[in-house]
Structures are given as C-alpha cells and as structure tokens.
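Quick note, the sequence shown lines up with residues -26 to -1, 1 to 107 if you use mature numbering (1 follows the signal peptide of the UniProt record, and there is no 0).
Below is one structure, written out as structure tokens; the observations come after it.
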Amino acid sequence: MKNIKFTHSLLAVVLGSVLASSSALAADLSVGKTLENTGQQIDKSLDSAGKKIDNSLQKADAYLDDSAITAKVKEKLLEHKGINSHDISVKTEKGVVHLAGFVKNKHQAAKIAKIVHGIKGVKAVKSTIEIKK
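Below is the structure:
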C-alpha cells in the first residue's frame, strides 16, 4: 500500500512537472510569436516611413527642378538686350513655364517663347504676355 501511494505521489510529481514544462514551452512559443509579430509591424512601419520619405524627396526634387527652370529662363531673358526681362513674370509648375507681363511688340513675345522652349526641362510654355501700347 505504501508503494502504491509512493507511486501515485511520484506520478503526480512527474505529471505536474510535465504540465509545468509544457506551460513554460507554450509561454516561450507565445513570446516568440509576439516577437515575430512585433518585428513584422516594425518592418511595415519602416517600409511606410521609407515610402513617405521617398515621396517627399520626389516632391522636393520636382520643386527644385521647377525652381532651376525658372532661374534658367530668367537668366536667358537677361542675356537678350532687346528684352526687358524685368517686365516678364516667370513661374514654373511641373515643367510648364507660365509667362506673364509686357513687351514692345509681337516679335519680342515670339522670341521669348522660342527662348523658353529651348531650355532643358521645359515641357510646355503658357504665355499671357501682352503688347505695350
């Protein structure tokens, strides 16, 4: 009888140990899964942040390109003696140059449009230049 009680006690200890070990193993697996999920969330966040930064850089690059085109247009207009470049407003959006202002005659207006079309990066020219009277 004492042997049976001892065997049952020993069996209870062994089963308790197995249950405790399996609980610990399950907890380890749960922690591992949580770490994996956290890692995936961090990767997604980094990808999202990277895309936002890339998009911002592209916008900044486009803005700088437009600014460079505007500066080049103004520089080219200053080089021509017959054109009063101070009377011409230049604005560039996505490669499209918008011109406004006043010139002495149609010849000057055509010359300005030709100059602007010849500048690298210019996709189109929209002119509201008027002839002074």
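In this text, a Cβ means the ideal position worked out from N, Cα and C, and glycines have one as well.
- The beta carbons of Ala83 and Ser59 sit no closer together than 8 angstroms.
- Lys106 sits in coil when the DSSP states are folded into three classes, being neither helix nor strand.
- In this structure, DSSP gives Ile43 a helical state, which the three-state scheme calls helix.
- Leaving aside the five residues that flank Lys46 on each side, the residues in its chain whose CB is nearer than 7 angstroms to its CB run, in chain order, Ile93.
- The Cβ-Cβ distance between Gly75 and Ile103 falls below 8 angstroms.
- Under the three-state reduction of DSSP, Lys85 is assigned to helix.
- Under DSSP, Leu73 forms a beta bridge with Val64 and Ser101.
- By the Cβ-count criterion, Ile43 is buried, with 16 or more other Cβ atoms from all chains shown falling within 10 Å of its own Cβ.
- In this structure, the straight-line span from the alpha carbon of Lys85 to that of Asp21 is close to 49 angstroms.
- Relative to the Cα of Ala98, the nearest Cα in the group Asp61, Asn79 and Lys65 belongs to Lys65.
- In this structure, the straight-line span from the alpha carbon of Ser41 to that of Leu73 is close to 14 angstroms.
- Apart from sequence neighbours up to five positions away, the residues of its chain that approach Lys50 with a beta-carbon distance below 6 angstroms are Ile89, ordered along the chain.
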